[in-house]
Amino acid sequence: MTGRTVLLALLLPIGFAFANGDGPATLPDREDAPTVGSNAEATPPPRRDAFAFMPRGGGDLLPRVYGTPEARAEVLARTQSVEDWQADIAADAPDMPETEARTLAAYLANVTPTTEAELPPDGRTLALRHCQSCHSLFTGYLMQRRDRQAWLGTFASPFHGPIDMSAQEKAIFADYSAINMPMQVGDVPAELRF
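Counting along the sequence shown from 1, when you hit position 186 you're at 186 in full-length UniProt numbering, and nothing is skipped either side.
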């Protein structure tokens with residue numbers, strides 16, 4: 001098989017997962033795959049995030065700072081500005097990298113007050129769900145440097161108009177993207193640099 005064929009075989013199921021709204025793509029870990037020819041009932045292999053190289057979104061960062069359901073419920077009941085969230089996160093997680101703290105603060109400012117059960121997708125999930133269905137994730141998203149307003153402006157173009165995202169989701173996406181993009185070329189797996 002050529003490298004392109006292998007890449008296509010890997011990425012097609014990922015694209016279908018997002019097109020169907022199944023969330024972040026995962027791939028089986030090869031070393032944990034069930035044994036072929038075994039009489040024992042095979043269990044599905046554990047799955048790993050095919051896009052683990054991308055910065056985490058606010059939904060993934062929230063339980064890292066607020067580890068218990070009670071702590072998350074208390075935090076999600078508040079309404080605060082991004083600046084107030086940043087101050088709280090700095091006090092509650094002083095070792096958290098600044099970019100992650102900013103990502104979580106922006107997410108919380110966009111989604112609160114809410115409950116954990118009603119949390120919308122974070123910016124990373126929205127980018128993976130919507131940005132690779134029409135163009136290369138690498139050149140069309142991961143390497144783009146824009147501020148929040150410019151990311152919001154992408155939804156005004158005719159070809160982005162049909163994307164099914166609420167105003168809240170667009171704000172979550174724009175904040176995540178402005179904080180975390182562009183990525184460094186070397187941080188993106190070589191097979192995804194197209």
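From the three backbone atoms N, C-alpha and C, an ideal C-beta is built for every residue, glycine too.
Reduced DSSP category for residue i - H, G, I as helix; E, B as strand; rest coil
{"i": "residue 48", "result": "strand"}
{"i": "residue 177", "result": "helix"}
{"i": "residue 153", "result": "helix"}
{"i": "residue 163", "result": "coil"}
{"i": "residue 194", "result": "coil"}
{"i": "residue 124", "result": "helix"}
{"i": "residue 135", "result": "coil"}
{"i": "residue 86", "result": "helix"}
{"i": "residue 146", "result": "coil"}
{"i": "residue 115", "result": "coil"}
{"i": "residue 103", "result": "helix"}
Same chain, Cβ closer than 6 Å to residue i, five either side skipped, listed in chain order
{"i": "residue 85", "result": "105, 108 and 109"}
{"i": "residue 163", "result": "130"}
{"i": "residue 55", "result": "180"}
{"i": "residue 154", "result": "160"}
{"i": "residue 102", "result": "179"}
CB of residue i within 8 Å of CB of residue j, strictly
{"i": "residue 75", "j": "residue 96", "result": "no"}
{"i": "residue 260", "j": "residue 151", "result": "Not covered by the structure: residue 260. The range shown for the chain is 1 to 194."}
{"i": "residue 112", "j": "residue 72", "result": "no"}
{"i": "residue 191", "j": "residue 126", "result": "no"}
{"i": "residue 194", "j": "residue 136", "result": "yes"}
{"i": "residue 100", "j": "residue 61", "result": "yes"}
{"i": "residue 138", "j": "residue 82", "result": "no"}
{"i": "residue 116", "j": "residue 158", "result": "no"}
Spatial neighbours of residue i in its chain, beta-carbon cut-off 7 Å, leaving aside the 5 residues before and after
{"i": "residue 149", "result": "none"}
{"i": "residue 89", "result": "65, 96, 101, 104 and 105"}
Take every Cβ of the segment 165-176, pair it with every Cβ of the segment 113-122, and state whether three or more of those distances are shorter than 8 Å. yes
Would you be able to state if there are at least three C-beta pairs under 8 Å between the segment 177-186 and the segment 143-159? yes
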